[in-house]
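Heads up: the sequence shown begins at 58 in the numbering used here, then just goes up one per residue.
Virtual Cβ for every residue (Gly too), placed ideally from N, Cα, C.
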Amino acid sequence: MGSTSVLVQEEESHTGLLVFYPVYHQKKSDGKAGSGTFSRLRGFALLVLRLDYLVAEALIDSGVELSVHIVDNTEPGQQEHIFGDIKPNAQYAFSDTMDIAGRSWRVDTTVSSSAAPMQWASWLMLLGGLLFTALITAGLVHLIHRREVVESLVRRRTSELRMLSSIVANSNDSFMITDAREQDQTTGRRRIVYVNDSFTRQTGYSREEAVGDTPYLLHGLKTDKKLVQELSDSITQGVPFRGEFLYYKKNNDSYWVDVNVVPIKNEEGEISHYGAVQRDITDFKLARLERENLIGKLMDSNEELARFAYVCSHDLQEPLRMIRSFTDKLQSHIADDLVNDEKGRKYFGFITDGAERAQNLISDILAYSSVDNSTAKLERIDGMELIDNIKQLMAAALKDNGGRITHDALPYIQGNKTQLYQLFQNLINNALKYQKPDALPHVHFGVTDAGKYWQFSIKDNGIGIEQRHLAKIFDVFQRLHRRSEYSGTGVGLSICKKVVERHGGNLWVESEKGVGSIFHFTLLKPTLMEVNNERERKAS
């Protein structure tokens, strides 16, 4: 609504209001109010309101001498006269401010002292007219606001579409759109209606060559027919599909792509098109195939090496047993001659000791090679039972050196019982072996809860390890001391590390020279059900 205007169509000029209403061409609607969309402007509807007619109609037959005075107070400090005058000597006066189409009006109404009692119906008619004007104005404001909202939404959607279009056009991935309804008359396959620039670079086909053809132009002799059928079935069912295909370029070079196909639906919820994103994964695929091939060869090599170590260990044990056996017999045979032959006795001692160390080394190699990747024969193992067995086995040695083994309440664990027994025994043996001459050995076996793992620790009061040696003590055949000081083959800790890793855990050490060491390792927890089943089995 505009401000007041002077109407000059008649002989005298009058003050009135002009109300403008824009008229648009409206597209189809879904039947809901306000759901139609607007296009071009067709024109304006104009409503002319004369205020003197409106006031006169409100006061007709009232018999009341009523005066109405209206001014526009919209602009601060300025008043624009719109209608009427204020009568002097009025007995009754009424004033109010109204918002009309964004304008602020003050309406002053007066009744003279000689007038009859006021007819309130006339007041209602006047106010009703003004209210009618206000409602028209509010409707106009609503329509204008709705148009602004629609225009803002259109601008935003246009910007988003422009951005998405730019992303698709300039993406390194290939985009293809096929029409769900437009099919090749011969094969019945869906035709391509759009490809981006990356498609042309990736395949060598121009946009003109691809559009109108079908996606099968990329298929070749080694394209997986079974996977193609799975893709076709997914399209028929209207569900997304993803797979890796071997495709062929225009020059017949093959390449691998990761294909992701999704259905695109129209306003009626029907599938109108299919969108396919194709990413070139040739380098990744070839690298993965090469890695799988190398892993296969490495596994074969490891198995062959394990078999070789096993055979060698068994084959070498027999001649060593013969050396020890015949050395003992030879010593017995010439015992009288050796009584006064110190060098002879010493040489026989070297032979016996060397054969014994060779046998121990072969046994350790055999144990190391037997720790395979499968950790077969997994069992639920009672940790308390395991440590008790080890303590009984070492009872005699502990009595001789005055040592002792203490431990926390150990939980159930899961794994290969033979290997875990070997792990516990090797670590405790090491803790008892590497001791200071003047100290009584004390080994404590502890455990803490580490989420899905149990973290075990074996703490000793032994000689400790220098920091520079900590990184290599788990290497095979690694020894830090002379054989004359401490016996061993240098394989024990390597076996421990391999056992722990094959059970999904980690093994590490903390140590201070002259104070002692703490070996830590983690093992996965068995489930609560497995623990309960094992307890019930033992109880029965």
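Non-local beta-carbon contacts of residue 507 in its own chain, meaning distances under 8 Å to residues more than five positions away in sequence, involve 579 in chain order. If you check the CB distance, residue 79 and residue 100 come in under 9 Å.
Under the DSSP assignment, residue 249 falls outside any alpha helix (DSSP H), being part of the beta strand (DSSP E) whose first and last residues are 247–252. Scanning the segment 444–497 for uninterrupted beta strand (DSSP E) segments of 3 residues or longer gives 461–464, 469–473, listed from N- to C-terminal end. Just so you know, the alpha carbons of residue 356 and residue 559 end up roughly 15 Å apart. Within the model, the alpha-carbon separation for residue 152 versus residue 216 is close to 51 Å. Look at residue 405 here: in three-state DSSP terms it is helix. Taking all protein chains in view, the Cβ of residue 473 is crowded by 16 or more other Cβ atoms within 10 Å, so the residue is classified as buried.
Counting C-beta pairs closer than 8 Å gives three or more between the segment 486–505 and the segment 456–470, which meets the contact rule. Separation of the CB atoms of residue 303 and residue 283 is rounded to 13 Å, and the pair is thereby denied contact status at 8 Å.
Residue 108 carries a helical assignment under DSSP once its states are collapsed to helix, strand and coil. In the DSSP annotation of this structure, residue 396 is not part of any alpha helix (DSSP H), being labelled neither H nor E. DSSP, read as helix, strand or coil, puts residue 126 in strand. In the DSSP annotation of this structure, the continuous segment of the beta strand (DSSP E) that includes residue 332 starts and ends at 328–337. Under the three-state reduction of DSSP, residue 281 is assigned to coil, being neither helix nor strand.
Here residue 531 carries a coil assignment [DSSP, helix/strand/coil]. Taking 9 Å as the cut-off, the Cβ atoms of residue 574 and residue 453 do not count as close. The closest CA to that of residue 385, considering only 401, 397, 409, 365, is found on 409.
Only residues of its own chain outside the window of five on either side were considered, and among them 260, 261, 262 have a CB closer than 7 Å to the CB of residue 307, listed in chain order. DSSP places residue 135 in the coil class of the three-state scheme, outside both helix and strand. In this structure, residue 234 lies away from residue 157, with their beta-carbon atoms at least 9 Å apart. Contact between residue 252 and residue 268 holds: their C-beta atoms lie close to 7 Å from each other, under 8 Å. Under DSSP, residue 260 takes part in no beta bridge, so it has no partner.
In this structure, DSSP gives residue 300 an extended state, which the three-state scheme calls strand. The segment 474–482 and the segment 492–501 do not touch, with fewer than three beta-carbon pairs separated by less than 8 Å.
Following the DSSP letters along the chain, one finds residue 573 inside the beta strand (DSSP E) bounded by residues 573–581. The Cβ-Cβ distance between residue 553 and residue 483 falls below 9 Å. Cβ contact annotation for residue 246 (same chain, cutoff 8 Å, sequence separation greater than five): 240, 271, 272, 273, in chain order. By the beta-carbon neighbour count (other beta carbons within 10 angstroms, threshold 16), residue 140 is buried. Each of 471, 391, 365 was checked against the Cα of residue 419, and the nearest Cα belongs to 365.
Boundaries of the beta strand (DSSP E) harbouring residue 435: 435–439, taken from the DSSP string.
Rounded to whole angstroms, residue 368 and residue 362 show a C-alpha spacing of 10 Å. Straight-line spacing of the CA atoms in residue 109 and residue 210 works out to 43 Å. Nearest to residue 343 by alpha-carbon distance, out of 456, 159, 314, 165, is 314. For residue 510, DSSP records a beta bridge to 507, 581.
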